[in-house]
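Residue numbers (my numbering): -3 to 207.
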Amino acid sequence: MIFGNKNGNKILIHKKDGQVCEVSHIRGLNVRFKGKNSTIEIWEPFCFRRRFGELRCKIRVAGDNNYIKIDTGLDVLSLQIIHIKDNNKITIGKNFFSSGLVKVDFAAESNLEFSIGNDCMFGQNIKFMLGDNHRIYDINTNEQLNASKRGIKIGNHVWLARNVVMLKDTSIADNSVVAYGSLVTKNFLKENILIGGYPAKELKENINWEK
């Protein structure tokens, strides 16, 4: 379901036969635009699942000029992308699967990028915080000390186990695993590593995983 007037906002479905169709709603996904000139593009096939008939997936675009791309093969039970302000880019790669809630909170930040690579698998109750929601500043200069700079990046073939939280300006490289209940507070640029802890650190290198 889509709410509000269009104002240049659009949802595009890329069909299996190559056609591109603009639609007003997507089964299993609740979209709300409040700003203008934002685009959501989704490639078939995709599945926004319901549980006991309840709609659990939603996208909330509060600002202007945002772009959201969801590539082919998405299969999710509960995906929430919320508090999107202005000029943000969101990309979910091919064959993304999650077994429970995945919450992406932009905290009304602008000019950020959030990306999930191809062939990623997430457990239940995964949270991404792209901002801190409240401003911390220097009392002498009024300079903000906790502004978000980049966003969050997940590489290809990454497994996030249940209850993982990632904070602003963090990343996970390809073929890595983040253990249950970890808090990611920095960039992990090395591929093929096991990450875990609160805060998270590298636990083992030269690993890979399979479904």
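Glycine is no exception: its CB is placed at the ideal position from the N, C-alpha and C atoms. None of these values were measured; they are calculated from a predicted model.
The stretch 139 to 158 makes contact with the stretch 102 to 121; the number of CB pairs closer than 8 Å reaches 3 or more. Straight-line spacing of the CA atoms in E198 and I189 works out to 7 Å. Take the alpha-carbon of I9 and the one of D170: they are about 28 Å apart. By the Cβ criterion, the stretch 65 to 84 is in contact with the stretch 39 to 53, since at least three pairs of Cβ atoms, one from each stretch, lie closer than 8 Å.
Secondary-structure assignment with DSSP links S111 through a beta bridge to T87 and K149. Here Q120 is not bridged, per DSSP, to any residue.
In the DSSP assignment, I36 falls within the unbroken beta strand (DSSP E) covering T35 to W39. Annotation: the continuous beta strand (DSSP E) that includes Y63 extends over Y63 to I66. Put simply, the backbone Cα of W205 is about 8 Å away from that of V173. Judged by DSSP in its simplified three-state form, D101 adopts strand.
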